[in-house]
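First comes the structure, then the notes that go with it.
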Amino acid sequence: MGLAETEAARSWSAFYSAASSVLHGSRSGADEARRQFDGVTAAMEQLFLGLPERADRLRELARLDAPVQEDADEIARMTDPRAGAYFFRAAVSGHWLGLLSLSRLLPEERRWPAAPYLRRVLADEPERVCGWVAENLDAIRAQGPGALSQTVALVSETGIAACGLMTTLVRAHSERFVLLRAALWARDIPVSERTGAWVIVAESILRTRSFTTHESWESEQLLGALVATAHPDGRLRTGQDRLGGIIRFALAGVLADHLDDEATSLQAELVNELAKVTLEDPPQHMVVTLMRAVLDLCLAEAQLGVSLVQRLRAVHAKLPATAHRSRLVAVHLSECWAHDSLDTQAAAAWWQAAVEVARYIGGGSWPSADLADFLALLGTRCPQPLRAQMEAALGEGLGAPPGAEEMSAWAGAFPGPVPDQWRIVRGLSVVLPEAVRAPWQPLLALLEEKYGPPPGRPEPVVKISTWVEAYGGLQLETFASQAQDAGMVTAVVALAAAPVDDDDGDGDRAALLGELVAQDPQEWAGGPGAIAAAAARPALQAAYFNALHHASASGLLAPGMLGSLAEAAFAVRPQDAGAPGAVRLQLVICNLLHRTWDRGESMGAAEADAVVWLHGLVSGWSTPRLGTSMPLAAATVVPGGSALLSLIAWGLRETVRSGQGLPEELTATLEGLLGAEPDDQALAVIGFCLTQLHVCDPVWTAAHTGSLLSLDAVWRPARVWLAHGRPDSSLLARLDRTGLWCAMCASDAEGPIDRALHALLDEAEPLGSAGEFIAGLAGCPGGDEGVSTMLSRLATYTARAGSGEVAGRAAVLWRAALDATLPGSALRGAGHFAFADALDEDTWLELTAATLAQQPSLHDTDRIAARAARTPRSPTAQLIAAAALDHGPVDGYRRTRTVHYAAALYSQAPDNNNPERDALRVALINAAAIDDAYAG
Numbered sequence: 000m001g002l003a004e005t006e007a008a009r010s011w012s013a014f015y016s017a018a019s020s021v022l023h024g025s026r027s028g029a030d031e032a033r034r035q036f037d038g039v040t041a042a043m044e045q046l047f048l049g050l051p052e053r054a055d056r057l058r059e060l061a062r063l064d065a066p067v068q069e070d071a072d073e074i075a076r077m078t079d080p081r082a083g084a085y086f087f088r089a090a091v092s093g094h095w096l097g098l099l100s101l102s103r104l105l106p107e108e109r110r111w112p113a114a115p116y117l118r119r120v121l122a123d124e125p126e127r128v129c130g131w132v133a134e135n136l137d138a139i140r141a142q143g144p145g146a147l148s149q150t151v152a153l154v155s156e157t158g159i160a161a162c163g164l165m166t167t168l169v170r171a172h173s174e175r176f177v178l179l180r181a182a183l184w185a186r187d188i189p190v191s192e193r194t195g196a197w198v199i200v201a202e203s204i205l206r207t208r209s210f211t212t213h214e215s216w217e218s219e220q221l222l223g224a225l226v227a228t229a230h231p232d233g234r235l236r237t238g239q240d241r242l243g244g245i246i247r248f249a250l251a252g253v254l255a256d257h258l259d260d261e262a263t264s265l266q267a268e269l270v271n272e273l274a275k276v277t278l279e280d281p282p283q284h285m286v287v288t289l290m291r292a293v294l295d296l297c298l299a300e301a302q303l304g305v306s307l308v309q310r311l312r313a314v315h316a317k318l319p320a321t322a323h324r325s326r327l328v329a330v331h332l333s334e335c336w337a338h339d340s341l342d343t344q345a346a347a348a349w350w351q352a353a354v355e356v357a358r359y360i361g362g363g364s365w366p367s368a369d370l371a372d373f374l375a376l377l378g379t380r381c382p383q384p385l386r387a388q389m390e391a392a393l394g395e396g397l398g399a400p401p402g403a404e405e406m407s408a409w410a411g412a413f414p415g416p417v418p419d420q421w422r423i424v425r426g427l428s429v430v431l432p433e434a435v436r437a438p439w440q441p442l443l444a445l446l447e448e449k450y451g452p453p454p455g456r457p458e459p460v461v462k463i464s465t466w467v468e469a470y471g472g473l474q475l476e477t478f479a480s481q482a483q484d485a486g487m488v489t490a491v492v493a494l495a496a497a498p499v500d501d502d503d504g505d506g507d508r509a510a511l512l513g514e515l516v517a518q519d520p521q522e523w524a525g526g527p528g529a530i531a532a533a534a535a536r537p538a539l540q541a542a543y544f545n546a547l548h549h550a551s552a553s554g555l556l557a558p559g560m561l562g563s564l565a566e567a568a569f570a571v572r573p574q575d576a577g578a579p580g581a582v583r584l585q586l587v588i589c590n591l592l593h594r595t596w597d598r599g600e601s602m603g604a605a606e607a608d609a610v611v612w613l614h615g616l617v618s619g620w621s622t623p624r625l626g627t628s629m630p631l632a633a634a635t636v637v638p639g640g641s642a643l644l645s646l647i648a649w650g651l652r653e654t655v656r657s658g659q660g661l662p663e664e665l666t667a668t669l670e671g672l673l674g675a676e677p678d679d680q681a682l683a684v685i686g687f688c689l690t691q692l693h694v695c696d697p698v699w700t701a702a703h704t705g706s707l708l709s710l711d712a713v714w715r716p717a718r719v720w721l722a723h724g725r726p727d728s729s730l731l732a733r734l735d736r737t738g739l740w741c742a743m744c745a746s747d748a749e750g751p752i753d754r755a756l757h758a759l760l761d762e763a764e765p766l767g768s769a770g771e772f773i774a775g776l777a778g779c780p781g782g783d784e785g786v787s788t789m790l791s792r793l794a795t796y797t798a799r800a801g802s803g804e805v806a807g808r809a810a811v812l813w814r815a816a817l818d819a820t821l822p823g824s825a826l827r828g829a830g831h832f833a834f835a836d837a838l839d840e841d842t843w844l845e846l847t848a849a850t851l852a853q854q855p856s857l858h859d860t861d862r863i864a865a866r867a868a869r870t871p872r873s874p875t876a877q878l879i880a881a882a883a884l885d886h887g888p889v890d891g892y893r894r895t896r897t898v899h900y901a902a903a904l905y906s907q908a909p910d911n912n913n914p915e916r917d918a919l920r921v922a923l924i925n926a927a928a929i930d931d932a933y934a935g
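Position one of the sequence shown corresponds to residue 0 (this note's numbering), numbered consecutively onward.
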């Protein structure tokens, strides 16, 4: 219940109080008694009559053109949120706004039932809705930030009519969501409708630094809208249209506010060239974008013939006489020279402004390139009669040079900070007139002695490079060219000896070598022994062989090459496991051996030594341990675990070749690991390979059933096999049934469930009766969720397979679950079968209806309704859609889609007065889709 429904429910308290007063002596006449009786009766109707019984009256109220207060009182008594939601979706009269109680109309923190109605009124009477919001703004804000946000969103749809209200909102409520909505509103107002009041809203938003900092994109959009509004389409606003001037002052005022902050002012100084800043690709910091916006507007007005004094009036009025203002003026003078120099009067004003700004040229902390460009322009264009005045102004701006004593003290303390004034003079010295530069020459000579000559043009204080140094300064192209010209061995020798920046122990060299091999792995796979010897160190050898291993896995090497690669890699196996890169090389060798044997290839005479070496790695690695969070993953990234995988791959290949059981060298290792104190990582590797071991030597597997197939602990091989191993129905059937069910009920049971499904889909029924298996699973703790998940994954598999055969077997399993008399919650996952198009419609309808009879609340109700809508003439489909409405989510996207599909089905269903269609009609009414229920 929301605010309005809660208020309606309180009417019972009022009735009780009134009746109690009468009982305790208060007088009550016949009229009052009748009024009380009518009120109680009306409230009882709201409380005890369902929505279907009240639907006709609701529709009648919603369609009233001229409602009266009695009608509004009836709405006020509604305690069913669905009734209120429908009423506001359907109400047509604007009179309701003045009749309904405030509690019925107010937004709440997370919902606003009245919003659809207010939007309809908004379309016809925007000023009225804005007035209502303004009048009740305090009450709206009291409902919480969400309520205020919804209100601003609604008002923003009003267009320019909301301007006054938006001004109030942005000034009184500086919350991010308010300013964000207001900014989007201001941006979307057509240029032709923008007014001075609109400028005030935009200006207020842009003055809020917290907003412009965190919402830079929206701020830049709004700023661009302001500039575009000043003189739209290159047309100068004249006469009574003063909007261009208003915007000019607004921009300057916002800029002044931002520059008043010390950190923001610093960001403005760090920009070296304002001329390179554009509003189309704005910089990160808003203050720089503001400076560019002011300059763009000034330049546009210069091109339109506005006088220099007028276009700079706002800059002089709003910004104090600081380095920022002088720089803005200087940059504008540089940019407008081409226009102003063409007119004698404009040129005179230009030179007057240039002399004035020269008096402030030495302010700030750093020189900038755009100031240097301005000075260069003065040097080349200044008329001779003005030169003395200009040079005097520049000298005044730069100030007095330091004396010999001050320079000597600074030189004695070198290195130390350079005073701002010195730094600026040095940066601008290249473009200063000789007469201005001369007094500073001793200082300039001292600074040149310490720092070298100044750049021809000031450089940025902060330089950002997009080039990322890779390989420690080594160039891939250099070694690739050397490999092509002098051979790969020569290139590797040179790489191994090449110096790198910040040497990280061959990491950069190894990365470069791996990239070289990846460019042409087939070529680099020739002569692996010589290349490995040239690499010399384990880190480089590991990089070389690892790149070839990945190339082989991707099918980039010719068949039959793995054996020679594995042999060459084994030949350089590290003797000292503690050497840099040795562990990595061991792991790469194990991986190569594994892939070689897994593909049935051989490494020749070295194979016996390799097997012995692998035994040694496994023995040195395995140790009693339990509690590893991901034991299989942990084992496969270290040499010992990878060695065990490789050893098993060798044993499997030998078994296939000989036709005998597993070789003794392998079984001895496996039995040692199975019989020792448990090592969860080693046992995880064995479990991962359990299917292959069972297929190759079922006798050996049977002899070790207790240690291999037990499910009593998470570290047992069978537990890992259930999660990660290859499916094997015969092996699954040998597992303890209760233990298997418990594994299928665990939180991470996808693996066990998928293996059980694989077996249950087998018509041979290796697990016995599907119904008995499912019933047994449901009987375990958490089994209902396990069955639900299994049905959901069965539906997913059926949908992906797209096979009629799979769909037929899936239907058998679904029926078995229905016949097993399971708890209703165990069937919820069957809703996912709505995605399985391979199931024919009749089968899906039959089984879904049967499922709903046992468990009305299924997953994916929106998809269930969508599939039911495919067969609108089917009474079963109508019943399914009704159940989806009655038992699906009560709100959100899925609810909306469920109502949509159910309404579509109802509209196409034949009117046969059948109970299923009536049930769907009632469900639509209960879902507040009353008009849809009456449209069928």
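Note that beta-carbon positions come from the ideal geometry of N, C-alpha and C, so glycine has one too.
DSSP places Asp55 inside the alpha helix (DSSP H), whose first and last residues are Leu50 to Ala61.
Non-local C-beta neighbours of Ala54 in its own chain, meaning closer than 8 Å and more than five positions away in sequence, comprise Ile924, Ile929, Ala932 and Tyr933, ordered along the chain.
Listed in chain order, the alpha helix (DSSP H) elements of length 4 or more contained wholly in the stretch 720-773 are 728-732, 736-743 and 749-759. Ala567 and Ala550 have their C-alpha atoms spaced approximately 16 Å apart. The alpha-carbon separation between Ala133 and Leu98 amounts to approximately 17 Å.
By a beta-carbon distance limit of 8 Å, Leu561 contacts Thr595. Their separation comes to about 4 Å. Taking a C-beta distance under 9 Å as the contact criterion, Arg583 and Pro537 qualify as a contact pair.
Under the DSSP definition of a beta bridge, Asp678 partners with Arg624.
Of the candidates Ala712, Val805, Gly626 and Pro452, the residue whose Cα lies closest to the Cα of Ala758 is Val805. A distance below 7 Å between beta-carbons, with the five flanking residues on each side excluded, links Gly599 to the following residues of its chain, in chain order: Arg652. Taking a contact to require three or more Cβ pairs closer than 8 Å, the stretch 815-829 and the stretch 779-793 qualify as touching. Judged by DSSP in its simplified three-state form, Thr207 adopts coil rather than helix or strand. Between the stretch 286-298 and the stretch 479-496, the count of Cβ pairs shorter than 8 Å is below three; the stretches do not touch.
Restricting attention to Asp505, Glu476 and Leu539, the CA atom closest to the CA of Gln518 is found in Glu476. For Cys129, the enclosing alpha helix (DSSP H) covers residues Pro125 to Glu134.
Here DSSP, grouped into helix, strand and coil, assigns Ser791 to helix. Unbroken alpha helix (DSSP H) stretches of 4 residues or longer found wholly inside the stretch 161-204: 162-171 and 175-187, given in chain order. Across the set Ser641, Leu692 and Gly640, the C-alpha of Leu692 shows the shortest separation from the C-alpha of Gln659. The Cβ neighbour count for Lys449, taken over all protein chains shown within 10 Å, is under 16; the residue is labelled exposed.
At the C-beta level, Arg180 and His213 stay beyond 9 Å of one another. Here DSSP, grouped into helix, strand and coil, assigns Thr895 to helix.
In this structure, the alpha-carbon of Trp649 lies about 21 Å from that of Ala702.
With contacts defined as CB atoms closer than 9 Å, Ser102 and Ala71 fail to qualify as a contacting pair. No Cβ-Cβ contact shorter than 9 Å links Leu643 with Ala632. When the alpha-carbon of His723 is set against those of Ile752, Val128, Ala229 and Glu447, the nearest one is in Ile752. DSSP places Leu377 in the uninterrupted alpha helix (DSSP H) bounded by Ala368 to Arg380.
Excluding residues up to 5 positions away in sequence, Val488 lie with their Cβ nearer than 7 Å to the Cβ of Ala529 in the same chain. The DSSP-derived three-state label of Met629 is coil.
The shortest C-alpha to C-alpha distance from Glu268 to any of Ala408, Leu250, Gly163 and Pro459 is the one to Pro459. For the pair Asp369 and Ser340, the CB atoms are not nearer than the 9 Å cut-off. By the Cβ criterion, the stretch 814-821 is not in contact with the stretch 857-871, since fewer than three pairs of Cβ atoms, one from each stretch, lie closer than 8 Å. No Cβ-Cβ contact shorter than 9 Å links Gly686 with Arg725. Here Leu327 is not near Val308, since their CB atoms are 9 Å or more apart.
Taking C-beta atoms under 8 Å as the contact rule, Ala434 and Glu390 qualify, at a distance of about 5 Å.
Closest option to Ala769, judged by alpha-carbon separation, among Ala742, Ala794, Ala810 and Ser746: Ala810. Under the three-state reduction of DSSP output, Leu919 falls in the helix class.
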